[in-house]
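> In UniProt numbering, the protein residues as written are 1 to 381.
All C-beta atoms, glycine included, are put in the ideal place defined by N, C-alpha and C.
Okay, handing you the structure first.
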Amino acid sequence: MDLYEYQGKEVLRSYGIPTLRGRVVETPEEAARVAGEFGGTVAIKAQVLTGGRGKAGGIRVVGGPEEAARAAREILGMDIRGHRVRRVLVESGAEIARELYLSITVDRREKKPLILFSTEGGVDIEEVAERNPEAIVRLHVNPLLGLLPYQVRRITFASGLEGGTAKGLGRVLNGLYEAFCGSDASLVEINPLAVTEEGEVIALDAKVTIDDSSLYRHEDLAGLRDVEAEDPQERRAKEVGLQYVKLDGDVGILGNGAGLVMSTLDVVAQAGGSPANFCDVGGGADAEKIATALEIVVSNERVRSVFFNIFGGITRGDEVAKGLLAALDRVDVELPIVVRLDGTNAEEGRELLAQNAPENVHTEETMLDAARRTVELAQGR
């Protein structure tokens, strides 16, 4: 679960990380009033669950209430990467001397938290890694030992900061690691982490992603979820217990098992197509679950064809075929559907589909052949 910037900053403040004064508003009039209270220069920042706000014009630095109202009026309602801005954060200004980058994420290969630090803040870390990889410090933390003093010193030494400012960076790093562990986050990122003219170290931005599977331990964080901002297909899938992630392509994908679905995404890409989603219906899915999954996948207007990929281990191919036929009786799908059945009773399943399925349903024996045909149908060939 991603948090808005203002929510992420609330989490960081609870672990002792300094931020600027800020208040979330939903109207230009409120923005003007808060700007007047803060006085001087303020920033008007779109609150959306995506990056690229600055490049899209979703962040403005203004000099007073009237400019704040005008900026808020222009930003509210803006579409940023498919996310509509419904509120803005009005934040007080500061004299910034330097901008740094600091984050902690999960390195799944090493099975450890990974600290990333760079003296080049305010830009995407991927851009820094490509242009100047030596500018990034990477440190793994042993989860049994926690963040150790020598690792904090390694980061502060790399920063080039001295005295009280270096100690301030150390306190931020310790607080960020505590926030990462304490909130069961998969990512905590401050970009930029600012050093002010007075030597203070302040989080100018905050990106926090909480592991969904841990939310039962964090009722306060679970209550921060903005249901209205979620993708409608992903929200519907979550309600019915399906594993679904929306992507940018036009080939809808369903499969039984997360590993198989991930492989299906790769094979579709190999065949020259672009996956529209990840959707795992699970083992032993009945007609009701298959029908619901189909409804969700085809409700995405970008989808031009559907690849239904099933490997029968415990699940029998003929039972899957019966479930799919029953689902098609319930769901009116006009898009072409390619079904690949393999494993237990796969031949019987394909025979059932050949005899009883609508004309828009096609069967293939191999995953690669099915991927190629699905891509061809999506492209109108």
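#1: Rounded to the nearest angstrom, how far is the Cβ of G58 from that of I75, given a contact under 8 Å?
#2: Should A194 be labelled buried (16 or more other beta-carbon atoms within 10 Å of its own) or exposed?
#3: Let me check understanding here. Comparing Cα to Cα, which of A258, G175 and A269 lies closest to residue 413?
#4: Using C-beta distances below 7 Å, list every residue in its chain close to A222, excluding the 5 sequence neighbours before and after it, in chain order.
#5: Under the rule that 16 or more other beta-carbon atoms within 10 Å means buried, what is A69, buried or exposed?
#6: Assign V141 to one of two classes, buried (16 or more other C-beta atoms within 10 Å of its C-beta) or exposed (fewer than that).
#7: Indicate whether I44 and R60 have their beta-carbon atoms separated by less than 8 Å.
#8: Using a Cβ distance threshold of 8 Å, determine whether the region 227-237 contacts the region 248-268, with at least three qualifying pairs required.
#9: If you reduce the DSSP assignment to three classes, tell me which class N174 lands in.
#10: For the region 242-321, which segments carrying the beta strand (DSSP E) assignment without a break, of at least 3 residues, lie completely within its bounds, in sequence order?
#11: Out of E288, V208 and V333, which has the shortest C-alpha to C-alpha gap to D2?
#12: Do three or more CB pairs link the region 149-157 to the region 179-191 at distances below 8 Å?
#13: Per the DSSP calculation, A43 is bridged to which residue(s)?
#14: Nearest-angstrom Cα distance between F180 and R225?
#15: Determine the direct distance from the alpha carbon of L260 to that of G349, and round the result to whole angstroms.
#16: Label K246 either buried or exposed according to how many other C-beta atoms from any shown protein chain fall within 10 Å of its C-beta, with 16 as the threshold for buried.
#17: Hey, out of A276, D280, K322 and G282, whose CA is closest to S305's CA?
#18: Give the secondary structure of R235 by DSSP, where H, G and I count as helix, E and B as strand, and everything else as coil.
#19: How many Å lie between A166 and E130 at the Cα?
#20: Starting from G36, trace the alpha helix (DSSP H) in both directions and tell me its first and last residue.
#21: I'd like the ranges of any alpha helix (DSSP H) spanning at least 4 consecutive residues and lying wholly in the region 197-224.
#22: For my contact list, L116 and R98 are in at a C-beta cut-off of 8 Å; report their separation, rounded to the angstrom.
#23: When you measure from the CB of G241 to every non-hydrogen atom of the ligand ATP, does any distance come out below 7 Å?
#24: Applying the 10 Å Cβ sphere with the 16-neighbour rule, what's the burial state of K9?
#25: Quick check: the region 236-243 against the region 326-345, are at least 3 beta-carbon pairs closer than 8 Å?
#26: Tell me whether residue 466 is buried or exposed, calling it buried when 16 or more other Cβ atoms sit within 10 Å of its Cβ.
#27: My parser needs the alpha helix (DSSP H) runs of 4 or more residues fully inside the region 117-185; what are they?
#28: Look at the alpha carbon of L294 and the alpha carbon of K238, and state the distance between them as a whole number of angstroms.
#29: Going along the chain, which residues of its own chain have a beta-carbon closer than 8 Å to the beta-carbon of V281, five neighbours each way excluded?
#30: For N174, collect the residues of the same chain with a Cβ closer than 8 Å to its Cβ; drop the 5 residues on either side in sequence, then sort them by chain order.
#31: For the beta strand (DSSP E) holding V25, just list the boundary residues, first then last.
#32: Using only the alpha-carbon positions, how far apart do T264 and G273 sit?
#33: By the DSSP assignment, the alpha helix (DSSP H) with E347 in it spans what residues?
#34: What are the boundary residues of the alpha helix (DSSP H) that includes V375?
#35: From T119, A203 and A370, pick the residue whose C-alpha is nearest to that of D266; which is it?
#36: With respect to the beta strand (DSSP E) encompassing Y6, which residues constitute its N-terminal and C-terminal limits?
In terms of the structure at hand:
#1: Going by Cβ atoms, the distance from G58 to I75 rounds to 6 Å, so yes, they are a contact pair.
#2: buried
#3: Residue 413 lies beyond the residue range present for the chain, which begins at 1 and ends at 381; the question has no answer from this structure.
#4: L215
#5: buried
#6: buried
#7: yes
#8: no
#9: N174 falls in the helix class under three-state DSSP.
#10: 243-246, 251-255, 277-280 and 305-312
#11: D2 has its Cα closest to that of V208, out of E288, V208 and V333.
#12: no
#13: V61 and E91
#14: 18 Å
#15: 19 Å
#16: buried
#17: A276
#18: helix
#19: Taking the straight line from one Cα to the other gives about 27 Å.
#20: Following the DSSP letters along the chain, one finds G36 inside the alpha helix (DSSP H) bounded by residues P28 to F38.
#21: 219-222
#22: L116 to R98, Cβ: 17 Å. No contact.
#23: This structure lacks the ligand ATP, and indeed carries no ligand of any kind.
#24: Burial call: buried.
#25: The region 326-345 makes no contact with the region 236-243: fewer than 3 CB pairs, one atom from each, lie closer than 8 Å.
#26: This structure cannot settle anything about residue 466, because the visible part of the chain is limited to 1 through 381.
#27: 125-131, 149-159 and 163-182
#28: 14 Å
#29: L242, L254, G255, N256, K289, I290 and A293
#30: L147 and V152
#31: G22 to V25
#32: 11 Å
#33: A346 to N356
#34: Start and end: M367 to A378.
#35: Shortest Cα-Cα distance from D266 to any of T119, A203 and A370 involves A370.
#36: Counting along the chain, Y6 falls outside any beta strand (DSSP E), though it belongs to the alpha helix (DSSP H) covering E5 to S14.
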